[in-house]
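Q: Questions regarding the structure given below will be posed in turn.
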Amino acid sequence: MLTKTKLVSAVALAVGTSGLVISAAHADAVFFHNLAGSPTVASIITVMNTSANNFDPLGAPIVQGAGDDGNLHYRFYYKQPSTDPELDTNLLPCQEFNEFLPTSRNDVQTIDLSGYFGEEVGGINTGVMFNDPSVNNRWKTGQTYAMGAAVVPYRGYLIVENADVADGTFSIAGESFVMEYGVGATWGYHSYMIDGDDSTPNYADYLPFASASPSIVSIMPIDDIRTSFLITVVDEDQLPFGEFDEETTISYGNADNPIGIWDRDERPISGAQEQTVVCIGSIVAQDLLPTASQNRLADGGWANLYNYREERDRNGNVFNPPVITEPSGVIVKLEFNLGDTIDGQPVSGTFNNALLLRP
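Using the numbering used here, read the sequence shown as starting at 2 and increasing by one per residue.
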């Protein structure tokens, strides 16, 4: 069982293998922007597909009414914690794995990507939960939906797409909750959705989902409550093959507003320091301040949280003058208690609060 102080560490972990690389036509898709798995953390997703326009096992679109409900295309991007103390996990790229897995029209499927929960078929934990009958969606094919099981601990994101035409409606939807089943903490979200196909040039452009920059956020007293920012980088091409290595930087200020954080007595706190994340990562709120300034958050405060990216040329060099993409990260503010008291009063249990910072 995890202690309370280990909760964010478990939820903020991340892995590495490579997988099948198959190209497919782009249509409706759902974006599970923040997923994690560890020995006591499961990311449980639910995918609802209302379309009969899906894919065959090799990725070719199946036309509605062809008599085969086909497959959905799962695109999983993940990283694992660095085992090298010289390497910051937040700065590692994500690896990509993709698979075409069975579906049917009007299907709902709940999946534990870590493989802790789920039905075992032929000695394989499929990750498929809640007695899914495999009648209309004939998913019992010897394949597993638990794409993160072999790479625990991991942190990543997932995009699931069908082959539906772009018609201004969404034919696929999703929900997720990240559950720490050792101490009973959980949080979740409704996935973002995209409607598009190969004729849509910006189908893979996920920048519109980035959290507003700045986002106004409160910060709880740092000795009672841990505040972390869970960041998933978004880009004009969110679906590269091989790996995803785009980055975003967060800070309590920018060039035009260098001081963007105040304590509970309305006094500005100087010394904001940037933190950068590649693909996906987690930053503790006080780590955006130098050590000497962190005690100013003993009682908490509030901040303007910026997220942005300095674009680079093909050689990896920052342009001069800088070219800034702002915003460029989907951010979840995660809070949980560190001990047995809050504001001087005794409490029992672990309390989790997750807020998606909206575009």
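Using N, Cα and C, we set each Cβ at its ideal position, and we do this for glycine too.
Considering only their Cβ atoms, is the gap separating V279 from L92 smaller than 8 Å?
A: It is a contact, given that the beta carbons lie within the stated cut-off.
Q: Identify, in the order they occur along the chain, each residue of the same chain with its Cβ nearer than 8 Å to the Cβ of W303, setting aside the five sequence neighbours on each side.
A: Here the set comprises I217, V218, S219, I220, I262 and W263.
Q: For S294, which of helix, strand or coil comes out of DSSP?
A: In this structure, S294 counts as helix in the three-state DSSP scheme.
Q: Could you tell me the distance, in whole angstroms, from the CA atom of V12 to the CA atom of F101?
A: Reliability fails at V12, whose pLDDT of 42 lies under 50, so the model's placement of it is uncertain and the value that follows must be treated cautiously. Taking the straight line joining both Cα atoms gives about 27 Å.
Q: Opposite G175 in the DSSP bridges: which residues?
A: DSSP lists V48 as partners of G175.
Q: Excluding the 5 residues flanking D57 on each side, which residues of the same chain have their C-beta closer than 8 Å to its C-beta?
A: Closer than 8 Å at the Cβ level, and outside the excluded window around D57, lie I63, D69, G71, N72 and F101.
Q: Taking the straight line between their C-alpha atoms, what separation do you get for P347 and D225?
A: Distance between the alpha carbons of P347 and D225 is about 11 Å.
Q: Per the contact definition of three or more C-beta pairs closer than 8 Å, is the region 115–130 in contact with the region 146–153?
A: Cβ pair count under 8 Å is three or more, so yes.
Q: Is the region 171–183 in contact with the region 281–297, if contact means three or more CB pairs nearer than 8 Å?
A: No contact exists between the region 171–183 and the region 281–297.
Q: At a Cβ threshold of 8 Å, is L290 touching chain B?
A: Protein chain content of the structure displayed is limited to a single chain, and chain B is not contained in it.
Q: Please specify which runs of the beta strand (DSSP E), each continuous and at least 3 residues long, are wholly inside the region 299–356, giving them in chain order.
A: For the region 299–356, whole beta strand (DSSP E) runs of length 3 or above, ordered along the chain, are 302–311 and 330–338.
Q: Cutting at 7 Å between CB atoms, please list the residues of its own chain near N238, excluding the five before and the five after it.
A: The question names Asn, but residue 238 is Asp in the sequence shown. Once the five neighbours on either side are set aside, the close Cβ partners of D238 are A205.
Q: Please name the residue in N258, P328, S283 and E247 whose C-alpha comes closest to that of G272.
A: Nearest of N258, P328, S283 and E247 to G272, Cα basis: N258.
Q: With DSSP collapsed to three states, give me the class of V218.
A: Strand, per DSSP.
Q: Using only CA atoms, which one of T142, I232, T104 and S212 lies nearest to N163?
A: Among T142, I232, T104 and S212, the Cα nearest to that of N163 is on T104.
Q: Do M194 and A174 come within 8 Å of each other at the CB atom, strictly closer than that value?
A: Yes, these two residues count as a Cβ contact at 8 Å.
Q: One question on the structure: do R106 and S192 come within less than 8 Å of each other, judged by their Cβ atoms?
A: Against a cut-off of 8 Å, the Cβ pair of S192 and R106 comes out as no contact.
Q: Buried or exposed: D29, going by 16 or more other Cβ atoms within 10 Å of its Cβ?
A: Counting Cβ neighbours within 10 Å, D29 comes out buried, since at least 16 surround it.
Q: Considering just the uninterrupted stretch of the beta strand (DSSP E) at K80, what are its terminal residues?
A: Taken as a continuous stretch (DSSP letters only), the beta strand (DSSP E) holding K80 covers N72 to K80.
Q: According to the neighbour-count rule (16 or more other Cβ atoms, all chains shown, within 10 Å of its Cβ), is G350 buried or exposed?
A: Counting Cβ neighbours within 10 Å, G350 comes out exposed, since fewer than 16 surround it.
Q: Should R420 be labelled buried (16 or more other beta-carbon atoms within 10 Å of its own) or exposed?
A: Outside the shown range of the chain (2 to 360) lies residue 420, about which nothing can therefore be said.
Q: Within its chain, find whatever has a CB closer than 7 Å to the CB of T142; leave out the 5 residues flanking it on each side and keep chain order.
A: Excluding sequence neighbours, T142 sits near P103.
Q: Going by the DSSP bridge assignment, what does A186 pair with across the sheet?
A: Per DSSP, E181.
Q: For G254, write down the residues that DSSP places opposite it in a beta bridge.
A: Per DSSP, none; premise fails for G254.
Q: If you draw a straight line from the C-alpha of I343 to the C-alpha of G157, how long is it?
A: About 32 Å.
Q: What is the DSSP secondary structure of P360, counted as helix, strand or coil?
A: The answer is coil: DSSP assigns P360 none of H, G, I, E or B.
Q: Taking V109 as the reference, which of L335, F230, N50 and G185 has the closest Cα?
A: For the residues L335, F230, N50 and G185, the minimum Cα distance to V109 belongs to N50.
Q: If you count every other CB in all the chains shown that lies within 10 Å of the CB of E312, and 16 or more means buried, which is it?
A: By the neighbour-count rule (16 or more Cβ atoms within 10 Å), E312 is not buried but exposed.
Q: Could you check the C-alpha separation between L308 and E244 for me, to the nearest Å?
A: One point to set straight first is that residue 308 is Asn, not Leu, in the sequence displayed. About 22 Å.
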